[in-house]
Amino acid sequence: ETGVTQSPTHLIKTRGQQVTLRCSSQSGHNTVSWYQQALGQGPQFIFQYYREEENGRGNFPPRFSGLQFPNYSSELNVNALELDDSALYLCASSFATGSFEISPLHFGNGTRLTVT
Amino acid sequence: AQSVTQPDIHITVSEGASLELRCNYSYGATPYLFWYVQSPGQGLQLLLKYFSGDTLVQGIKGFEAEFKRSQSSFNLRKPSVHWSDAAEYFCAVAVSGSNSGYALNFGKGTSLLVTP
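Same order as they appear, the protein sequences are chains U and L.
Each residue of the first sequence is one higher than the one before, starting from 136 at the first, in the numbering used here.
Each residue of the second sequence is one higher than the one before, starting from 104 at the first, in the numbering used here.
Spelled out as structure tokens, the structure:
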């Protein structure tokens, strides 16, 4: 089975610019989540998508937005980039059955974003 | 809110020695707990998880963890460490669970160094 893949692997942007990060979910997974991992910190939950709708959001401003496509791939968009947005952005996918069930999250290797 | 604390930022052990990484959780009911490992430049790999039942859970790569409600702990152990175990280890608790998924609150991580 194909794992979670993210692109690009590295990206350098200037403060104020906009960025789009992409994620392909693991085959058979229908839920995708995004996490931000600052240097030396644990990952922080940004938001989750299920059936193309946002299904939960962490403590991130609206300039962080996302999309999930019918094939369950996903994008993370960040507008008006700030220096503190420099981080590793991780995508994770899982399969939700529609009944409460904890299925493990499968993470990609991340996109390293540097804002200068 | 549910959270986890990893008291040790760095731990150094000799190859072949035993290992214990500490994790304390804050949650009133029975939490859903996870341990993930992250090698440099990589995403997160699930080592093991605890949902309910037997309080000693076995994971991959020879790791195990024990859930202790009385101590609000979920410590990770390995009887004999290999040089390839050097990595960052994260404890996490599931939050915001629903029929369509959940988010993870991660600790800040423990960096493991293995010496010859």
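No residue lacks a Cβ here, since even glycine has one placed at the ideal position from N, Cα and C.
DSSP places R150(U) in no beta strand (DSSP E); its state is neither H nor E. Rounded to the nearest whole angstrom, the C-alpha separation of V196(L) and S106(L) is 7 Å. For the stretch 127-144 of chain L, the beta-carbon criterion of a distance under 9 Å to any beta-carbon of chain U is satisfied by Y135, F137, Y139, Q141 and G144. The C-beta distance from G201(U) to F182(U) rounds to 6 Å, short enough to fall under 8 Å. If you look at S214(L), you'll find it in the beta strand (DSSP E) that goes T213 to T218. Under the criterion of beta carbons closer than 8 Å, V167(U) and S228(U) qualify as touching, at roughly 5 Å. Any Cβ of chain U closer than 8 Å to the Cβ of F166(L) would place that residue at the interface, and such an atom is absent. Here K181(L) has L122, G165 and F166 as same chain residues with Cβ atoms under 6 Å from its own Cβ, once five neighbours each way along the sequence are excluded. Rounded to whole angstroms, L215(L) and W186(L) show a C-alpha spacing of 10 Å.
A Cβ of chain L is located within less than 8 Å of the beta carbon of F242(U). Judged by beta-carbon spacing, N165(U) lies within the 8 Å limit of Y185(U), meaning their Cβ atoms are closer than that value. Ranking P178(U), Q153(U) and F204(U) by CA distance to the CA of R198(U) puts Q153(U) first. Among the residues of the stretch 161-189 of chain U, those with a Cβ less than 7 Å away from any Cβ of chain L are T166, S168, Q176, G177, P178, F180, Q183 and Y185, in the order of the chain.
Among the residues of chain L, none has a CB under 8 Å from the CB of I147(U); the nearest is roughly 17 Å distant.
Per DSSP, R198(U) lies in no beta strand (DSSP E) and is assigned neither H nor E. In the three-state DSSP reduction, I112(L) falls in the coil class, being neither helix nor strand. By the neighbour-count criterion, in which 16 or more other beta carbons inside 10 Å mark a residue as buried, G163(U) falls on the exposed side. The alpha helix (DSSP H) runs lying completely inside the stretch 154-203 of chain L and spanning 4 residues or more number zero. The beta strand (DSSP E) runs of length 3 or more contained entirely in the stretch 158-213 of chain U are, from start to end of the chain, 166-172, 179-185, 188-192, 199-203 and 209-213. For L223(U), the enclosing beta strand (DSSP E) stretches over residues A222 to S229. Taken atom to atom, the span from the alpha-carbon of T115(L) to that of L136(L) is near 24 Å.
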